[in-house]
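Participant: The sequence shown runs 4 to 298 under my numbering. From the three backbone atoms N, C-alpha and C, an ideal C-beta is built for every residue, glycine too. Have a look at this one before I ask anything.
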Amino acid sequence: MDHRGTHVPDHCCLAVPEHTRTDPLETRMGLKLRSCAIAVAALVLAAASAPAPAAASSDRLPDLAMYKLMDFQIEKTPDHRRLLRYTTIIVNIGTGNFQAEGSRASSADPEMSVVQRVFDDAGGSRLRRTAARMYWSGDGHTHWHLRDLETSLLQRIRRDGDRTAVGEAGDRVRPRASAKHGFCFFDNIKFNLLLVGAPLDAFYPGCGTDSTVLAQSMGLSIGWGDAYWYDLVDQWVDITGVEDGRYRLTTWADAKNWFLESDDSNNFTWTELRLHGNRPPAVIAEGPFAPLPEA
Ligand SMILES: [Ca+2]
Ligand SMILES: [Ca+2]
Ligand SMILES: [Cu+2]
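Below is the structure:
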């Protein structure tokens, strides 16, 4: 049967209780289609006497956000580049864990496709496809990374208050985005353990140290953060040739919105800096960031 030809209402498939979807993804898709067919039959054959469906479980969604940017430093490299280094902390302030599961058919595949496991309030979970990718190393580290979980951009603040990305609007330098692309995320910062459901001990321990595996999970528990310190490999924006002045550095979590969250509007933070030669940049202003718990 061609599923598209049955004019099934769009909401049909959503009526399947989420917590029943614990099988592997392909199997679940099959179950979902069959459930739809049954639901359509029920719509046709029965009418007012149809029993009320059992209450569906609700998602417990993660909520990724950024803590404020910190530890701004200028590094002069031996080959005369200038690097703006800084620390980022990505946090989960939602009501569910953030869990990304990578897999590949063969260890000859250089990358893994990624599904997100979405938990619910009935103790179950479901998987949803994403366009995110995982890959091995790339930064000299012996672990797996999720590509571009965080991204950063440096913008010049012009006199009229407008912002322009460095490298745009007639600049002769190229755009300045963060050099870091690989993110090995896990519970390593106790950010707000007062949040409901936050585990007191780290639940996600790391991001895998075996290059041959066919599946790898990473995650961030409720209330936990994952720090990328200023002195890490690639944790910088190249500011070679960038003149002194006011700049805004913005960092986003899940900028491409690959992952389902309870709030996609709080995924960024920014800091305005004054760049002055190789002095440590002065912080002029800070944008919104995920708050620490009130003491
Ligand atoms: Ca968010
Ligand atoms: Ca998102
Ligand atoms: Cu790494």
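Which residues in the same chain have their Cβ closer than 7 Å to the Cβ of isoleucine 192, if we skip the five residues on either side of it in sequence?
Facilitator: Ile92, Trp227, Gly228, Asp229 and Ala230
Participant: Can you tell me which of Gly164, Tyr89 and Arg84 puts its alpha carbon nearest to the alpha carbon of alanine 285?
Facilitator: Tyr89
Participant: Comparing alpha-carbon positions, which option in Leu295, Pro294 and Glu264 lies nearest aspartate 123?
Facilitator: Out of Leu295, Pro294 and Glu264, Glu264 has the C-alpha closest to the C-alpha of aspartate 123.
Participant: Quick check on DSSP: helix, strand or coil for aspartate 234?
Facilitator: Secondary structure of aspartate 234 (DSSP, three-state): coil.
Participant: Using a strict less-than 6 Å threshold between each residue's beta carbon and the heavy atoms of ligand 1, what residues do you get?
Facilitator: Qualifying residues, in the order they occur: Asp66, Leu67, Ala68, Glu264, Asp266, Asp267, Asn269 and Asn270.
Participant: Once the 5 residues before and after aspartate 112 are set aside, which same chain residues still bring their CB inside 7 Å of it?
Facilitator: none
Participant: Say yes only if the C-beta of glycine 185 is nearer than 7 Å to one or more non-hydrogen atoms of ligand 3, and no if none qualify.
Facilitator: yes
Participant: What residues match up with serine 110 in a beta bridge as DSSP calls it?
Facilitator: Partner(s): none; serine 110 has no beta bridge.
Participant: In the DSSP output, what is leucine 198 paired with across the bridge?
Facilitator: DSSP, once it has assigned bridges, lists no residue as partnering leucine 198.
Participant: Starting from threonine 253, trace the beta strand (DSSP E) both ways and give me its first and last residue.
Facilitator: 248–256 is the extent of the beta strand (DSSP E) around threonine 253.
Participant: Under 7 Å: does the beta carbon of aspartate 142 sit that close to some heavy atom of ligand 3?
Facilitator: Result yes, Cβ under 7 Å from ligand 3.
Participant: What are the uninterrupted segments assigned as beta strand (DSSP E) that are 3 or more residues long and contained completely in the segment 124–168, given in chain order?
Facilitator: 128–139, 147–150, 153–160 and 166–168
Participant: Output needed for alanine 58: all residues of its chain with C-beta closer than 8 Å, excluding positions within five of it in sequence on either side, in chain order.
Facilitator: none
Participant: Would you say the beta carbon of asparagine 260 comes nearer than 7 Å to a heavy atom of ligand 2?
Facilitator: yes
Participant: Under 7 Å: does the beta carbon of aspartate 257 sit that close to some heavy atom of ligand 2?
Facilitator: yes
Participant: What does the alpha-carbon distance come out to for the pair glutamate 78 and leucine 276?
Facilitator: 16 Å
Participant: With DSSP run on the structure shown, which of helix, strand or coil describes serine 181?
Facilitator: In the displayed model, serine 181 falls within a strand according to three-state DSSP.
Participant: Looking at the structure shown, is serine 268 part of a helix, part of a strand, or coil, going by DSSP?
Facilitator: coil
Participant: Under a three-way DSSP split, which group does glutamate 104 fall into?
Facilitator: strand
Participant: Do you know how far the Cα of leucine 149 is from the Cα of alanine 182?
Facilitator: 14 Å
Participant: Within its chain, find whatever has a CB closer than 8 Å to the CB of aspartate 66; leave out the 5 residues flanking it on each side and keep chain order.
Facilitator: Asn95, Ile96, Gly97, Thr98, Glu264, Ser265, Asp266 and Asn269
Participant: Taking the alpha-carbon of arginine 179 as reference, which of Trp147, Thr167, Asn281 and Asn260 has the nearest alpha-carbon?
Facilitator: Thr167
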